[in-house]
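Visitor: Here you go, one structure.
Number of protein chains: 2
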Amino acid sequence: MNYQPNMLAQSLVTRSTHTLGVIIPSLETTIFSTMLSGIQEVAALAGYRVNICTSNEKHETEIANIQALMNNMIDGLLICHTIQTNSFEHLRIHIGKRIPIVQFYRVADNLPVSQILADDEAGAEAVTEYLIKKGCRRIAIVLGSKGLSISQKRFMGYQNVLQKHNIKIDDKLIAHIDFTLEKVVKAVDNWLKLKPGIDAIISISDKSAVQIIRHLKEKKVAVPEKIRVFGFGNEFVGEIVDPALSSFDTNTKRIGEEASSLIIEQIITGKQNLTKKIIPGKMVLRKSG
Amino acid sequence: MNYQPNMLAQSLVTRSTHTLGVIIPSLETTIFSTMLSGIQEVAALAGYRVNICTSNEKHETEIANIQALMNNMIDGLLICHTIQTNSFEHLRIHIGKRIPIVQFYRVADNLPVSQILADDEAGAEAVTEYLIKKGCRRIAIVLGSKGLSISQKRFMGYQNVLQKHNIKIDDKLIAHIDFTLEKVVKAVDNWLKLKPGIDAIISISDKSAVQIIRHLKEKKVAVPEKIRVFGFGNEFVGEIVDPALSSFDTNTKRIGEEASSLIIEQIITGKQNLTKKIIPGKMVLRKSG
DNA sequence: TTGTAGGCGTTATCAG
DNA sequence: CTGATAACGCCTACAA
Numbered sequence: 223m224n225y226q227p228n229m230l231a232q233s234l235v236t237r238s239t240h241t242l243g244v245i246i247p248s249l250e251t252t253i254f255s256t257m258l259s260g261i262q263e264v265a266a267l268a269g270y271r272v273n274i275c276t277s278n279e280k281h282e283t284e285i286a287n288i289q290a291l292m293n294n295m296i297d298g299l300l301i302c303h304t305i306q307t308n309s310f311e312h313l314r315i316h317i318g319k320r321i322p323i324v325q326f327y328r329v330a331d332n333l334p335v336s337q338i339l340a341d342d343e344a345g346a347e348a349v350t351e352y353l354i355k356k357g358c359r360r361i362a363i364v365l366g367s368k369g370l371s372i373s374q375k376r377f378m379g380y381q382n383v384l385q386k387h388n389i390k391i392d393d394k395l396i397a398h399i400d401f402t403l404e405k406v407v408k409a410v411d412n413w414l415k416l417k418p419g420i421d422a423i424i425s426i427s428d429k430s431a432v433q434i435i436r437h438l439k440e441k442k443v444a445v446p447e448k449i450r451v452f453g454f455g456n457e458f459v460g461e462i463v464d465p466a467l468s469s470f471d472t473n474t475k476r477i478g479e480e481a482s483s484l485i486i487e488q489i490i491t492g493k494q495n496l497t498k499k500i501i502p503g504k505m506v507l508r509k510s511g
Numbered sequence: 223m224n225y226q227p228n229m230l231a232q233s234l235v236t237r238s239t240h241t242l243g244v245i246i247p248s249l250e251t252t253i254f255s256t257m258l259s260g261i262q263e264v265a266a267l268a269g270y271r272v273n274i275c276t277s278n279e280k281h282e283t284e285i286a287n288i289q290a291l292m293n294n295m296i297d298g299l300l301i302c303h304t305i306q307t308n309s310f311e312h313l314r315i316h317i318g319k320r321i322p323i324v325q326f327y328r329v330a331d332n333l334p335v336s337q338i339l340a341d342d343e344a345g346a347e348a349v350t351e352y353l354i355k356k357g358c359r360r361i362a363i364v365l366g367s368k369g370l371s372i373s374q375k376r377f378m379g380y381q382n383v384l385q386k387h388n389i390k391i392d393d394k395l396i397a398h399i400d401f402t403l404e405k406v407v408k409a410v411d412n413w414l415k416l417k418p419g420i421d422a423i424i425s426i427s428d429k430s431a432v433q434i435i436r437h438l439k440e441k442k443v444a445v446p447e448k449i450r451v452f453g454f455g456n457e458f459v460g461e462i463v464d465p466a467l468s469s470f471d472t473n474t475k476r477i478g479e480e481a482s483s484l485i486i487e488q489i490i491t492g493k494q495n496l497t498k499k500i501i502p503g504k505m506v507l508r509k510s511g
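Chain order of the listed sequences is A and B. Counting from 223, one number per residue, gives the positions in the first sequence under the working numbering. Counting from 223, one number per residue, gives the positions in the second sequence under the working numbering.
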């Protein structure tokens with residue numbers, strides 16, 4: 223007769239809230255809302271709610287969020303680090319405690335915490351290899367903070383292929399930046415001044431790749447004839463830009479689904495086995511690259 | 223000495239969880255993730271957590287979500303209805319109880335529940351007026367389910383302006399559909415067969431407007447020369463498409479912020495005054511319209 | 001099998 | 001003002 227049990231009382235005694243905590247850098251970036259969508263769907267299927275916090279790409283906010291969530295309201299924490307996150311002590315103190323943690327997409331490699339990752343290294347390798355095959359020799363790359371595996375792995379892939387082809391790594395072609403439009407444009411402008419000039423740009427995301435294409439068009443630089451442009455993530459906007467954006471599809475939604483699935487498994491079994499899962503992606507060729 | 227109070231026990235006795243429940247149709251649609259971002263930021267500032275559920279534009283899922291949230295885990299509910307939602311009995315039974323409810327963006331007008339809205343009527347009026355001034359006489363419009371105020375209000379605005387200019391409303395130019403690409407393309411194809419032909423399309427969202435532009439280009443229909451295209455929402459992708467999309471900027475993030483702010487006020491004061499707030503928007507002119 | 005007491009970690013109340 | 005205790009609503013263990 224329509225009795226609604228009080229979840230609070232229930233949770234208090236069972237010590238489980240059936241709620242996942244999620245910390246992501248932003249909700250206004252397609253890849254993150256897509257991953258969150260994957261997290262949410264898998265969680266809902268398993269009867270878990272999702273508590274969402276955004277760090278706004280700010281390290282301090284990420285720390286505050288962790289504090290705010292780690293007070294018995296969640297059964298597990300999913301975290302995708304800020305692009306500027308370089309130290310991870312704030313997370314370390316929670317590792318191995320009652321509440322399991324899973325890092326996804328942007329992870330710290332030197333922490334004993336499970337990870338769900340895009341195939342950044344293979345992606346960067348595939349893209350670099352393809353560009354070299356197309357005749358590019360001065361390939362610029364946009365990366366995030368050096369502490370993040372996403373930057374490290376993509377750089378590894380890039381480096382591997384250049385070395386294989388005996389192309390010297392030029393530090394001037396590597397930009398470690400955040401996502402802001404100004405920083406991206408500035409990096410591109412610096413590259414345009416170089417001689418010998420660059421002939422390709424691999425960008426950290428589709429959105430910045432699209433902005434790069436737009437900027438190059440403004441500067442009357444032909445894409446892909448003069449400079450080929452590649453993105454990461456295969457977002458809708460890449461289909462729309464002219465020339466259409468080539469991109470490494472990181473299988474973004476699947477990353478969220480797997481992260482959700484892994485943490486729920488760890489919650490249910492009570493075993494925090496160190497897991498590291500790389501989600502395969504694939505290259506999507508369009509006009510720009 | 224680093225004592226962490228147990229929020230569950232605290233909530234059990236104080237009867238407040240400092241958590242907002244949010245039900246939105248999707249996380250993979252820019253406007254919704256943008257509104258959620260606004261909700262989340264305001265909530266975080268006020269010390270509230272956000273519990274997020276997606277209905278995937280499915281009426282039954284929306285009902286299930288409401289059930290799942292209304293069990294003492296949240297202090298207030300924010301809801302944006304499914305595009306197919308036509309009956310609202312599932313919500314009605316929760317109205318006026320302990321937990322306040324605020325509808326946002328897509329709302330039911332005949333329910334005694336507070337609303338935060340885009341200025342759909344004024345937006346449709348402004349766009350229609352502009353198109354008529356540009357010489358358009360056969361203006362097609364894409365709407366959602368008839369039960370939603372978003373459809374009703376936009377139709378009202380459209381109708382008002384056509385009547386003012388003594389242009390007869392042609393039912394064949396009005397499409398009530400959901401967001402799927404196929405439905406949009408089908409509606410456009412039907413319009414293209416009409417004679418006299420259409421000279422403008424007002425779309426329900428920027429994403430579908432962009433898809434309409436792409437489809438028209440495929441069909442070799444010149445935009446804006448033959449058909450002008452307008453969107454709603456002013457998303458990033460509209461800046462990228464060629465020709466760039468004209469759009470009515472509904473101030474999406476602000477809608478989320480205001481909804482969040484209103485429900486928190488209702489929670490804190492304990493007063494569920496019936497509020498209806500329309501967030502003003504503005505027309506953004508680009509090449510397509 | 002069915003019923004009841006105790007405890008989860010707080011806050012609030014009521015004596016002292 | 002301070003300190004003990006009931007109550008929040010549920011689950012579980014144990015007793016009948």
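Here a beta-carbon is modelled for each residue, glycine too, at the ideal position from N, C-alpha and C. Only a predicted model underlies this, so the values are computations on that prediction, with no experimental measurement involved.
Using only alpha-carbon positions, find the residue among Pro247/A, Ala422/A, Gly269/A and Gly366/A that is nearest to His398/A.
Guide: Residue mapping note: residue 398/A aligns to position 176 of the first sequence, counting from 1. Per the Cα distances, Gly366/A.
Visitor: In this structure, does DSSP put Gln226/B in helix, strand or coil?
Guide: Counting from 1 along the second sequence, the entry for residue 226/B is found at position 4. Coil, per DSSP.
Visitor: Should the region 477-486 of chain B be called in touch with the region 426-437 of chain B, which here means at least 3 C-beta pairs below 8 Å?
Guide: Touching, no.
Visitor: Leaving aside the five residues before and after Glu347/A along the sequence, list all residues of the same chain whose C-beta is less than 7 Å from its C-beta, in chain order.
Guide: The residue labelled residue 347/A in the question sits at position 125 within the first sequence. Counting only Cβ-Cβ distances below 7 Å, and skipping sequence neighbours, we find Gly379, Asn382 and Val383.
Visitor: On the DSSP letters alone, give me the boundaries of the alpha helix (DSSP H) that Ala348/A sits inside.
Guide: As a position in the first sequence, residue 348/A is number 126, starting the count at 1. Element bounds for Ala348/A: Asp342 to Lys355.
Visitor: Just to confirm, are Ile363/A and Ile424/A a CB contact at a threshold of 9 Å?
Guide: Looking up residue 363/A in the first sequence gives position 141. Looking up residue 424/A in the first sequence gives position 202. Yes, the pair counts as a contact, with Cβ atoms nearer than the cut-off.
Visitor: My guess is that Thr474/B and Gly455/B are in contact by the Cβ rule of under 8 Å, so how many angstroms apart are they, rounded?
Guide: To locate residue 474/B, count along the second sequence from 1; it is residue 252. To locate residue 455/B, count along the second sequence from 1; it is residue 233. That pair is a contact at about 6 Å.
Visitor: Can you give me the Cβ contacts of Ile305/B inside the same chain, cut-off strictly under 6 Å, excluding the 5 residues immediately before and after it?
Guide: Within the second sequence, residue 305/B is the residue found at index 83, counting from 1. Excluding residues within five positions, the ones whose Cβ falls inside 6 Å are Glu279, Gly366, Ser367 and Asp400.
Visitor: Could you check what DSSP says for Asn412/B in three-state terms: helix, strand or coil?
Guide: For the purposes of this step, residue 412/B is taken as the residue at position 190 of the second sequence. Three-state result, Asn412/B: helix.
Visitor: Taking Cβ to Cβ, would you say Ile261/A is nearer than 9 Å to Leu300/A?
Guide: Looking up residue 261/A in the first sequence gives position 39. Looking up residue 300/A in the first sequence gives position 78. Yes; because the gap between Cβ atoms is below 9 Å, this pair is in contact.
Visitor: Mind pulling the beta strand (DSSP E) runs of 3 or more residues that sit fully within the region 451-509 of chain B?
Guide: You should have 468-471, 498-501 and 504-506.
Visitor: Whose Cβ in chain A lies nearer than 9 Å to the Cβ of Asp464/B?
Guide: As a working note, residue 464/B is residue 242 in the second sequence. Within 9 Å Cβ-Cβ: Ile462, Val463 and Asp464.
Visitor: If you run the structure through DSSP and keep just helix, strand and coil, what is Thr513/A?
Guide: Summary: the structure shown does not reach residue 513/A, with chain A confined to residues 223 through 511, and so no result is reported for it.
Visitor: Just tell me which of Lys441/A, Val506/A, Pro334/A and Glu461/A has its CA closest to the CA of Thr472/A.
Guide: By one-based count along the first sequence, residue 472/A stands at place 250. The candidate whose alpha carbon is nearest that of Thr472/A is Val506/A.
Visitor: Taking 8 Å as the cut-off, does the region 308-315 of chain B touch the region 256-275 of chain B (at least 3 CB pairs, one atom from each stretch)?
Guide: Counting Cβ pairs under 8 Å, fewer than three are found: no touch.
Visitor: Give me whichever residues DSSP pairs with Val364/A in a beta bridge.
Guide: Sequence index remark: in the first sequence, residue 364/A carries index 142 (1-based). BP columns for Val364/A point to Ala397/A.
Visitor: Measure the C-alpha to C-alpha separation of Met385/B and Ser373/B and round it to an integer number of angstroms.
Guide: Counting from 1 along the second sequence, the entry for residue 385/B is found at position 163. Counting from 1 along the second sequence, the entry for residue 373/B is found at position 151. Position check: residue 385/B holds Gln in this sequence, whereas Met was assumed. Approximately 18 Å, taken between the alpha carbons.
Visitor: Near His387/A, what residues of its chain come up, given a Cβ to Cβ distance below 7 Å and the 5 sequence neighbours on each side ignored?
Guide: Within the first sequence, the letter at position 165 stands for residue 387/A. Counting only Cβ-Cβ distances below 7 Å, and skipping sequence neighbours, we find Ile354.
Visitor: Take the Cβ of Tyr270/B as the centre, count every other Cβ of all protein chains shown within 10 Å, and call the residue buried at 16 or more, exposed below.
Guide: Residue numbering aside, residue 270/B sits at position 48 when the second sequence is read from its first letter. Label assigned to Tyr270/B: buried.
Visitor: Using the C-alpha atoms, what's the distance from Tyr352/A back to Ser468/A?
Guide: For the purposes of this step, residue 468/A is taken as the residue at position 246 of the first sequence. For the purposes of this step, residue 352/A is taken as the residue at position 130 of the first sequence. Whole-angstrom Cα-Cα distance: 11 Å.
Visitor: According to the Cβ coordinates, are Thr241/A and Asp297/A closer than 9 Å?
Guide: Here the question's residue 241/A lines up with position 19 in the first sequence. Here the question's residue 297/A lines up with position 75 in the first sequence. Taking 9 Å as the Cβ cut-off, Thr241/A and Asp297/A qualify as a contacting pair.
Visitor: Look at Lys426/A and Arg376/A and say whether their C-beta atoms are less than 9 Å apart.
Guide: Here residue 426/A refers to the residue found at position 204 when the first sequence is read from its first residue. Here residue 376/A refers to the residue found at position 154 when the first sequence is read from its first residue. Sequence inspection shows Ile at residue 426/A; the Lys mentioned does not correspond to that position. The answer is yes: Cβ separation under 9 Å.
Visitor: Assuming Leu234/A and Ala231/B are in contact, meaning their beta carbons sit under 8 Å apart, how far apart are those beta carbons, in whole angstroms?
Guide: Here residue 234/A refers to the residue found at position 12 of the first sequence. Here residue 231/B refers to the residue found at position 9 of the second sequence. Sure, about 6 Å apart at Cβ, within 8 Å.
Visitor: Do Pro446/A and the ligand NAP come close, with the Cβ less than 8 Å from some heavy atom?
Guide: In the structure on display, the ligand NAP does not appear, and there are no ligands present to speak of.
Visitor: Are the C-beta atoms of Arg476/A and some chain B residue less than 9 Å apart?
Guide: By one-based count along the first sequence, residue 476/A stands at place 254. Not one chain B Cβ lies under 9 Å of Arg476/A.
Visitor: Does Glu250/B come within less than 9 Å of chain A when only Cβ atoms are used?
Guide: In the second sequence, the residue the question calls residue 250/B occupies position 28. Chain A contact via Cβ: present.
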